[in-house]
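These notes concern the structure reproduced below.
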Amino acid sequence: MRTFYRDISPKDRSTALLVFGFLLACYMLTFTGVIDSSDGLATFAVTENLVRRGAFDNNQLLWMGAQQGNIGPDGNLYTRKGLGMALLAVPLVWIARVWPSVGMVHAAMLINPLLTAWTGALIFRLGRRFGWSRGLAIMVALIYGLFTLAWPYTQTFFSDPVCGWGLFAAAYGLVAYGQSQRKRYLFGAGLAWGVAYLARTINLLTLPIYLIGLWFVLPAIAAHVGETTLERLRRAFWLYWRPVVAFGIPVVTAGLLSLWWNWARFGSVWDTGYVESETFSANWLFGLFGLTVGPARGFVWYNPILLLAIPGSVWFWRHQRRLLILMLALIALYFAVYAKWYMWHGGYSWGARFITPTLPFFSVLAAPGWQMLVSERRLGWPGAALAAFLLAASLLTQGLGLLVPYRLVQDRLAERVQPLFADETFIRLEYSPLLMQWEMIRRDTIQFAWWRGGPWPDTIDWLPFIVSLLGVLIGLAFLTQQIRSVQPENVDDHTRNLLYGFALTLLIVGLLTYYNTVLVNPEARMVAERIQREGRRGDAVLLLRVDWAQDFANVHRSTLPVYGPLPRSNLDESNEMLLNRLRNTYERLWVTPDYTPPEQSGWERSLRIHDFLLMDDRISGPTNQRLALYAMAPSAEMIESGLGTIFGDPSAVPINDTNGWIRLRGYALTPTAQPGGHILLTLLWQSLQPVEKDYQVFVHLLNDRGEKVLQRDGQPVLWMRPTSTWRPGDEILDRYGLLLPPTLATGRYTLAVGLYDAVTGQRLAVSAGPTDFAIELGPIEVE
Numbered sequence: 031m032r033t034f035y036r037d038i039s040p041k042d043r044s045t046a047l048l049v050f051g052f053l054l055a056c057y058m059l060t061f062t063g064v065i066d067s068s069d070g071l072a073t074f075a076v077t078e079n080l081v082r083r084g085a086f087d088n089n090q091l092l093w094m095g096a097q098q099g100n101i102g103p104d105g106n107l108y109t110r111k112g113l114g115m116a117l118l119a120v121p122l123v124w125i126a127r128v129w130p131s132v133g134m135v136h137a138a139m140l141i142n143p144l145l146t147a148w149t150g151a152l153i154f155r156l157g158r159r160f161g162w163s164r165g166l167a168i169m170v171a172l173i174y175g176l177f178t179l180a181w182p183y184t185q186t187f188f189s190d191p192v193c194g195w196g197l198f199a200a201a202y203g204l205v206a207y208g209q210s211q212r213k214r215y216l217f218g219a220g221l222a223w224g225v226a227y228l229a230r231t232i233n234l235l236t237l238p239i240y241l242i243g244l245w246f247v248l249p250a251i252a253a254h255v256g257e258t259t260l261e262r263l264r265r266a267f268w269l270y271w272r273p274v275v276a277f278g279i280p281v282v283t284a285g286l287l288s289l290w291w292n293w294a295r296f297g298s299v300w301d302t303g304y305v306e307s308e309t310f311s312a313n314w315l316f317g318l319f320g321l322t323v324g325p326a327r328g329f330v331w332y333n334p335i336l337l338l339a340i341p342g343s344v345w346f347w348r349h350q351r352r353l354l355i356l357m358l359a360l361i362a363l364y365f366a367v368y369a370k371w372y373m374w375h376g377g378y379s380w381g382a383r384f385i386t387p388t389l390p391f392f393s394v395l396a397a398p399g400w401q402m403l404v405s406e407r408r409l410g411w412p413g414a415a416l417a418a419f420l421l422a423a424s425l426l427t428q429g430l431g432l433l434v435p436y437r438l439v440q441d442r443l444a445e446r447v448q449p450l451f452a453d454e455t456f457i458r459l460e461y462s463p464l465l466m467q468w469e470m471i472r473r474d475t476i477q478f479a480w481w482r483g484g485p486w487p488d489t490i491d492w493l494p495f496i497v498s499l500l501g502v503l504i505g506l507a508f509l510t511q512q513i514r515s516v517q518p519e520n521v522d523d524h525t526r527n528l529l530y531g532f533a534l535t536l537l538i539v540g541l542l543t544y545y546n547t548v549l550v551n552p553e554a555r556m557v558a559e560r561i562q563r564e565g566r567r568g569d570a571v572l573l574l575r576v577d578w579a580q581d582f583a584n585v586h587r588s589t590l591p592v593y594g595p596l597p598r599s600n601l602d603e604s605n606e607m608l609l610n611r612l613r614n615t616y617e618r619l620w621v622t623p624d625y626t627p628p629e630q631s632g633w634e635r636s637l638r639i640h641d642f643l644l645m646d647d648r649i650s651g652p653t654n655q656r657l658a659l660y661a662m663a664p665s666a667e668m669i670e671s672g673l674g675t676i677f678g679d680p681s682a683v684p685i686n687d688t689n690g691w692i693r694l695r696g697y698a699l700t701p702t703a704q705p706g707g708h709i710l711l712t713l714l715w716q717s718l719q720p721v722e723k724d725y726q727v728f729v730h731l732l733n734d735r736g737e738k739v740l741q742r743d744g745q746p747v748l749w750m751r752p753t754s755t756w757r758p759g760d761e762i763l764d765r766y767g768l769l770l771p772p773t774l775a776t777g778r779y780t781l782a783v784g785l786y787d788a789v790t791g792q793r794l795a796v797s798a799g800p801t802d803f804a805i806e807l808g809p810i811e812v813e
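Structure (C-alpha cells):
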C-alpha cells in the first residue's frame, strides 16, 4: 500500500479482459438458470417487481410466509434482504423484459458469474500492481475463480459473491489510488463498498478498515519549518478534501439509501425487518470451529489451495505490511462476527457461505506461497507436489458443489437427524457434505442447464454444451497466447478485444435464448402470454402454482402484480384478509390454480361464492393447466332490482305461488359496459318446494334484435349449490360474469335468464305468462 507511482499497462488491461472472459466462459459452462435458495428468490422478487412495475414487494412469495420477509405496514410482504444485489440485477432483468427471447430469471442469474469473473480480473490487476509476473497474476486469478468456493457460488443468487466483489473492488481502488493518485479509483472504491454494504448491512463493520486504508494511501504531508499545528491542519484539509469526498460521496449515499430502504419497507429507518430469533446468539467457539475446520462447513476443507496463504503472508509482511494487516483484520472480522450468528453455517448452502466474501483476499495472500512452491521450487519437488495436490483437491471439491444441488444433502440430513441443522450434523465426519455429496450424484440430479439426464445420447443437450465448451477453449487459447506474447507493454490489441467481447456477448445471449426455449415450462409460458395479451390495468394475478415460481417469473412481463400464497383447502384469517384486500384493490383477478378442483380450493371456492367468474379455460399442454379470471364484487357498480318471478313445472301452467318451485326474488347487474369489458349479474333465488333434479341456469346476452350473442350455463353458484339440495325457504346468491369480446358492437342489450333440465333440454315455465320460459333483464348499454 505504498504510495509510489505505478499504473496498469495497456497489455495488462487486455490480459485482465481475457481473464474475465475465460472465467465467465467457465461459469456459463456450469450455468444452471435456477435460483436454488429462498434468499435468492426473495432478492430476485424485489428485482422483478422493480423492473416490471416499479414496486419492491415480495408478494409473489407469500407461500414462504415469514421465512425471508415480513408484512409491512401497508399489508405487503417485504424481504429482509439488502437492496444492493437487487439493484445490480435490475439492468439485466430490464433487458430480458424488453427482449422476451431471454428469461428474466436466467438474466438475473448472470450477476454472480459476471461479478465473480470481474473479481478475478481485479485480482490479476492487483497482482500486476504488486510487480508480480503476468503468469503469477493470472494464476492467482484462476485460483480464486476456479479452485475456491467462488465457482460453485456463481450458480446461486446469494449476495455473498456481490459482497466479495464489492469489498475487494474497494480495496483495489484504494491501492490503485495510492499508486496513481487518480481520484476516480477512490470514487470507484467508495461505490463498490457501498454496493457491498447495501447487499448486506453487516459490512458496515468493515468501514473503519477501509477508512484506515484510505488514510494509508493519502499522500504524506511534509512538515514545514515554523509551521503551526493550525496551519498544518489547514494545509492538510486543502490537500485531502477532494480524495476524501471522492471516496465518501458513494459511501454516504449508500448509508442514506439503506435508511430509506428500511423506511420504505417497514415504516422506520431503523427497522431492517429481522425478527427476534435472528440474533448473534450462537456459541462463539462452536461457530468458529465450524467455520474454520469443522467437517461440515470448515473453510479449510472447501478451499485447501488457500492454505498457501500461510507462507504467502510472509511475502506480504515484508513488502506490503499495511495491506496485510488490513486484509487480516477484514478476514478476522468476518470469522469473528459470523461465528456468533445464530445460523453461522449459512443454512442450505455449500461450505462456509458467509465467509466467501473473504475469498479474494485469501487468494491474493496465497499467490506468493504458490510462487515459492511452484515457480521458485524452494522446497523442491515435494513442495511443488504439495501445491499440485492442494490444487487438485480444491478443484475436486468445487466440482462436487457444481454437479449436484446442495439441498439434496441437507434434505437427507433432515431425514436422519432432528432438528434441522442439529449441532451433531456439523461435527460428525459421516455427516460431512464432502462425503454425502457423492451419494447424491445421479443422472437425474446433475444440475447443469445443458444436462438432460435421459439415456445416452440424450443425456446431454449437445448444442449448448458444445457452444459453452468452445467458449472455454477459446478463452484458454487467448490467455495462453497472451502469456507467451512478446508484444511491448504499451500495445493494446483493441480489435481482438472488441471481437472477443462481442463473441462472448453473443455466446451468452445465444445460450440464454436457447435455455429460455427448452428450460421454461411451456404451460407457464402460455399462461403468462395469455395474461399479458388480455390483462388490463386494475388486474392482478393469483399464482397458486408454487412450483411455477421461477418458470412464471421467467416469462411474465406484464405490469400486473403477482400474489403467490400457498394453495389451501380452507382459508384461515390471514388468507381471508389477503383475499379481501385483493377484492378492494383490484377489478379483476387472474387465477392460476394448482391441481385442486375449484370447489375444493379455499381460494377459488370463496371467489366463486362472492365474486364473478368471467372465464375458466384450460391451456393446451401436458397437464391442461386451468386459467380462471374473476371480476371482484366490490369493484362493480350494479343496479339492484326486486322481482318475484316464479319457475315451475312446464306441465302445470300457469305458474304461481302454489305450484311454483323456485322464485327469483331479485337481481343486480351492471347497467353499462364496454367492448372487451364485462357484464356482471347477481341472482337471488328462493326455494319454494323441494325439487329432485339438478336444474341448470342459463344466462344469454341478447342484442336489440333478440339474437343470442353470448351465454353462460351451469348449475347455481358454479355447480356448488345444485337445486336438488335446496330446501324450502333457502335463499341462494348466484353470480355470473360475461366477458365481452373486444369486437362486440355497441348498442342496447338484454339478458335472458331461466332454468332448464340438462338431460332433456326442457326449460322451466315462469309465472310471467303461459308461453314464456325465460325472463329478460336489463337493458344494458354497451358503449
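Counting in the working numbering, the sequence shown runs from 31 upward without gaps. Think of the CB as a built atom: it goes at the ideal place given N, C-alpha and C, for glycine as much as any other residue.
Pick from the options that is closest to residue i, judged by C-alpha positions
{"i": "Leu-145", "options": "Val-281, Met-139, Trp-195 and Trp-411", "result": "Trp-195"}
{"i": "Asn-118", "options": "Leu-92, Leu-80 and Phe-642", "result": "Checking the sequence shown, residue 118 turns out to be Leu, not Asn. When each option's Cα is compared against that of Leu-118, the closest is Leu-80."}
{"i": "Ile-649", "options": "Gly-696, Ser-797, Asn-584 and Pro-552", "result": "Pro-552"}
{"i": "Gln-630", "options": "Arg-598, Trp-620, Glu-617 and Thr-615", "result": "Arg-598"}
{"i": "Arg-472", "options": "Glu-454, Leu-430 and Ala-284", "result": "Leu-430"}
{"i": "Phe-177", "options": "Phe-316, Trp-331, Gly-157 and Gly-303", "result": "Trp-331"}
{"i": "Gly-70", "options": "Lys-111, Asp-42, Ala-479 and Ser-671", "result": "Lys-111"}
{"i": "Val-281", "options": "Pro-334, Gly-243, Tyr-227 and Gly-324", "result": "Tyr-227"}
{"i": "Pro-238", "options": "Phe-217, Ala-200, Gln-209 and Ala-206", "result": "Ala-200"}
{"i": "Leu-338", "options": "Leu-421, Gly-377 and Arg-351", "result": "Leu-421"}
{"i": "Thr-77", "options": "Leu-363, Asn-584 and Ile-639", "result": "Asn-584"}
Residue i to residue j span [Cα, whole Å]
{"i": "Pro-435", "j": "Leu-465", "result": "14 Å"}
{"i": "Thr-33", "j": "Tyr-270", "result": "With a pLDDT of only 49 at Thr-33, under the threshold of 50, the placement of this residue in the model should not be trusted, and no figure is reported."}
{"i": "Gln-211", "j": "Trp-245", "result": "13 Å"}
{"i": "Leu-493", "j": "Ile-125", "result": "24 Å"}
{"i": "Trp-380", "j": "Ala-703", "result": "57 Å"}
{"i": "Leu-673", "j": "Gly-696", "result": "5 Å"}
{"i": "Asn-292", "j": "Leu-221", "result": "20 Å"}
{"i": "Pro-463", "j": "Ala-658", "result": "44 Å"}
{"i": "Asn-610", "j": "Pro-664", "result": "10 Å"}
{"i": "Arg-840", "j": "Ala-294", "result": "Residue coverage of the chain in this structure runs from 31 to 813, which leaves residue 840 outside it and unanswerable."}
{"i": "Gly-690", "j": "Arg-575", "result": "45 Å"}
{"i": "Arg-383", "j": "His-375", "result": "7 Å"}
{"i": "Ser-44", "j": "Leu-509", "result": "10 Å"}
{"i": "Ala-795", "j": "Pro-684", "result": "8 Å"}
{"i": "Gly-565", "j": "Gly-651", "result": "21 Å"}
{"i": "Ala-167", "j": "Thr-615", "result": "58 Å"}
Beta bridge counterpart(s) of residue i as assigned by DSSP
{"i": "Lys-738", "result": "Leu-732"}
{"i": "Glu-670", "result": "Ala-698"}
{"i": "His-708", "result": "Leu-769"}
{"i": "Tyr-593", "result": "Leu-572"}
For residue i, the first and last residue of its enclosing beta strand (DSSP E)
{"i": "Arg-382", "result": "The displayed chain sequence assigns Ala, not Arg, to residue 382. It is not in any beta strand (DSSP E) - Ala-382 carries neither H nor E in the DSSP assignment."}
{"i": "Ala-229", "result": "Per DSSP, Ala-229 belongs to no beta strand (DSSP E); it is in the alpha helix (DSSP H), 213-229."}
{"i": "Phe-642", "result": "642-648"}
{"i": "Asp-764", "result": "761-769"}
{"i": "Tyr-786", "result": "777-786"}
{"i": "Tyr-108", "result": "107-109"}
{"i": "Trp-620", "result": "618-622"}
{"i": "Leu-318", "result": "Counting along the chain, Leu-318 falls outside any beta strand (DSSP E), though it belongs to the alpha helix (DSSP H) covering 314-322."}
{"i": "Trp-124", "result": "Element bounds for Trp-124: not the beta strand (DSSP E) but the alpha helix (DSSP H), 114-128."}
Delimiting residues of the alpha helix (DSSP H) encompassing residue i
{"i": "Tyr-368", "result": "351-368"}
{"i": "Ser-498", "result": "492-514"}
{"i": "Val-816", "result": "The structure shown does not extend to residue 816, since the chain spans only 31 to 813, so no value can be given for it."}
{"i": "Thr-73", "result": "68-83"}
{"i": "Glu-553", "result": "552-564"}
{"i": "Ala-55", "result": "40-59"}
{"i": "Gly-483", "result": "Where Gly-483 is concerned, there is no enclosing alpha helix (DSSP H), given that its DSSP letter is neither H nor E."}
Contact test: residue i Cβ vs the ligand NAD heavy atom, cutoff 7 Å
{"i": "Arg-613", "result": "Because no ligand of any kind appears in the structure shown, any question about the ligand NAD cannot be addressed here."}
Cβ-Cβ separation, residue j to residue i (assumed contact under 8 Å), whole Å
{"i": "Ala-138", "j": "Leu-122", "result": "6 Å"}
{"i": "Lys-723", "j": "Thr-753", "result": "7 Å"}
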